[in-house]
Structure formats: structure tokens, C-alpha cells
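One structure is given here, and the rest of the page talks about it.
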């Protein structure tokens, strides 16, 4: 019993010593703060002393206000920009094609990519229920791309003029992507383009009814949609690289793409909650990288070098006069005599 009492006394003594040490440390901290306040008062007579706890609270309040403003911008401004970005991005391109009556230099694969991706996003939303602003953006994008495709098809240039990166007749022999199966998206008539889009949408509708509730089907649609959309800049990049020119591709479209990428990165990575799947984020980063490279191309190539006056657009052997060799003609030029 005596040993237990001694142990308890020892523990009490240790606790008292720890409390005394804490009190001494607090007193030392208060003395240091008082000394700092006195020094500040000597340096600035108008200084008003503020308790440290008040300073910490004020700093936290300022940080909260800043984050609150940033969060408000993400929640309200970014979705508005995402929804209106298809209009701001492609209106100038549509007007330019209509004004010049030519879609030369513009890739028809751009509306193809965006229409396929946006239609897939609509069916992806049925199973994933992602953010509503992204759904509205997909609907607006479909409308704008249909208008863009309609105008581009009406004002298609002739085959001897540079057009799409995969159907340039002048460079046909050097283009490995020219011979598409069934001349896909290279049809001379406009009707097959709309037939294909209609069949594609109808097929997705049938699949949604048959296997729409299958686990993983909606995620498959989402991955496919975003993978297709991520390749959006590639046709224009290939066209610019081959022709060493960005003529026909509007700078306003590129600018809107880059600004849209910035807003998408902020919206995808700083928005609270899990409304944005990781597939959107990964494909968004890839597309932003391609858009940056497209901007580098625009800086390097511009509209390309002007063609010299009187230069031919393409070389055709039939354009040259045919000369007969005297060895294969008779004296009167009527051919070899027998």
C-alpha cells in the first residue's frame, strides 16, 4: 500500500511540474508579444495593438472570403462559359465561310468529331447523370455543328483546291489517310452526311433500349465520347503541318478553344463534389495540350506564303504539249511507214 501511495505522489508531482512548465512557457510567450508590441508602438505612434487571436481570426476570414469568391466564380461563371462556348467558338467560323463562299482550309472532320462526341454525351448522361451544364453544352454544340456542317458542305471548293486534311486532291498520292472505306466523310453529295448522322443516332437509341441498364455501358459511352472529342484538334494540326499554312482556320476559333480549355481545367479540377468524372479531366488535359500546339502552329505558319502570280495550283501531265519523236514518225509526220 505504501508503494502505491508513493507512486501516486510521484505522478502528481510530475503533473504539477508539467503544468508549471506550461505556465512558464505561456508567460514567456506573452512577454515576447508585449515586447514586440512595445517596439511597434515606439516605431509607429499611431499603431493600435491587436490581440494575436484577433489577428488569426482576421487572416482566416480573409482567406475564407477569397476562397468564397473563387468558388462563386467556379459555380456560376464557369458553367455559363461552358454552355455558351460552342456559340462563341464557331459563330465566326460559320460567318467567315458564308461570307467568302468557300470552306477551303477548314477541316470537315471537325464537325464530324464534335457531332459524334456530343451525341454520345447525351446518351452517356442517361446513365452517369453528370453535371447539368455539361449536358446543356453538348446540346448547344450539336446545334452549332449542324449549322457549321451545313454551311461548309454548301460552300465546298472544287477538288483541285485545298480543303480537308484527308481529301486534298493535289496531295492525294502522299496522303495515307485518303483512301477511306466507302469514301467515309468524303462523299460528293451532301445527303450521305445527314444519313450517317441519323443512322448513328438511331443505333445509339436502339442500344440504349436494349443494353442501357447493363453495368458499365454508360461508362463505355462516356469514354468513347471523350476520346473522340479529345482528337478534335488533330485533323486541323495535320492539315496545317502538311500545307505549312493555317489559312482558312479562324484565329477566333483557336482563341475560344484555348480560353475554353482554361475554364474547363478550372471547372473540372476545382469544382466541389464529384459531378465531373475523371474521364472528362483526362481527355480535357489531352485536348488542351493539342490546342496549345495548334497555337504554336498558328504562330509559326500564319496564313502561309502567298503563291506567285500565274503559278499553277497543281501539275497535270496533260497540260503540257505532246512532242513526237522523229524516230517514230515518217518524213511527212503521219507515223511509221510500213
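Numbering (the UniProt record's numbering), first residue to last: 1 to 338.
Backbone N, C-alpha and C fix where the C-beta goes; we use that ideal spot for every residue, glycine too.
Since we're looking at a predicted model, the values are computed, not measured.
Extent of the continuous alpha helix (DSSP H) run through residue i
i, result
"residue 209", "191-211"
"residue 109", "109-128"
"residue 101", "First-last for residue 101: undefined, no H or E at that position."
"residue 259", "251-270"
"residue 151", "132-154"
"residue 184", "Unbroken run through residue 184: none, as it is neither H nor E."
"residue 406", "Residue 406 lies beyond the range of the chain shown here (1 to 338); nothing can be said about it."
"residue 281", "278-301"
"residue 233", "233-243"
Nearest to residue i (by Cα), restricted to the options the options
i, options, result
"residue 244", "211, 18, 105", "105"
"residue 224", "95, 116, 7, 21", "116"
"residue 184", "124, 256, 109, 122", "109"
"residue 98", "236, 214, 152, 277", "152"
"residue 283", "254, 256, 233", "233"
"residue 85", "75, 101, 144", "144"
"residue 285", "277, 265, 293", "265"
"residue 87", "256, 203, 180", "256"
"residue 293", "280, 33, 254", "254"
"residue 230", "279, 195, 188", "279"
"residue 200", "235, 241, 123, 149", "123"
"residue 277", "156, 202, 132", "132"
"residue 107", "149, 120, 136, 119", "149"
"residue 197", "118, 250, 251", "118"
"residue 240", "288, 287, 295", "295"
"residue 186", "23, 112, 252, 120", "112"
"residue 203", "252, 120, 228", "120"
Whole-angstrom distance between residue j and residue i, CA atom to CA atom
i, j, result
"residue 147", "residue 114", "12 Å"
"residue 140", "residue 190", "22 Å"
"residue 182", "residue 297", "32 Å"
"residue 134", "residue 267", "11 Å"
"residue 27", "residue 8", "29 Å"
"residue 291", "residue 205", "32 Å"
"residue 94", "residue 154", "11 Å"
"residue 138", "residue 214", "23 Å"
"residue 83", "residue 38", "57 Å"
"residue 34", "residue 25", "14 Å"
"residue 281", "residue 269", "8 Å"
"residue 226", "residue 32", "60 Å"
"residue 195", "residue 89", "26 Å"
"residue 78", "residue 18", "55 Å"
"residue 6", "residue 20", "21 Å"
"residue 354", "residue 75", "The shown model of the chain, from 1 to 338, leaves out residue 354, and the question about it has no answer."
"residue 179", "residue 188", "14 Å"
"residue 169", "residue 238", "Only weak support is given to the placement of residue 169: the predicted model assigns it a pLDDT of 38, under 50, and the value that follows is read from those uncertain coordinates. The straight-line gap from Cα to Cα measures roughly 15 Å."
"residue 250", "residue 235", "15 Å"
"residue 157", "residue 192", "18 Å"
"residue 287", "residue 142", "19 Å"
"residue 13", "residue 29", "24 Å"
"residue 289", "residue 36", "51 Å"
"residue 102", "residue 96", "8 Å"
"residue 15", "residue 22", "11 Å"
"residue 228", "residue 100", "30 Å"
"residue 252", "residue 91", "9 Å"
beta-carbon residue i near the ligand SAH non-hydrogen atom, thresh 7 Å
i, result
"residue 287", "Of the ligands one can find in the structure shown there are none, so the ligand SAH has no counterpart to examine."
Exercise for the section: Pair every Cβ in the segment 288-305 with every Cβ in the segment 245-253, then say whether three or more of these pairs are closer than 8 Å. Expected result: The segment 288-305 vs the segment 245-253: in contact.
Practice task
Could you say if the segment 121-134 and the segment 216-223 meet the contact criterion of at least three C-beta pairs nearer than 8 Å?
Solution key: Under the three-pair Cβ rule at 8 Å, the segment 121-134 counts as touching the segment 216-223.
Problem - Segment contact flag, the segment 199-216 with the segment 248-268, C-beta cutoff 8 Å, min 3 pairs - result: With a cut-off of 8 Å, the segment 248-268 and the segment 199-216 do not count as touching, because too few Cβ pairs lie within range.
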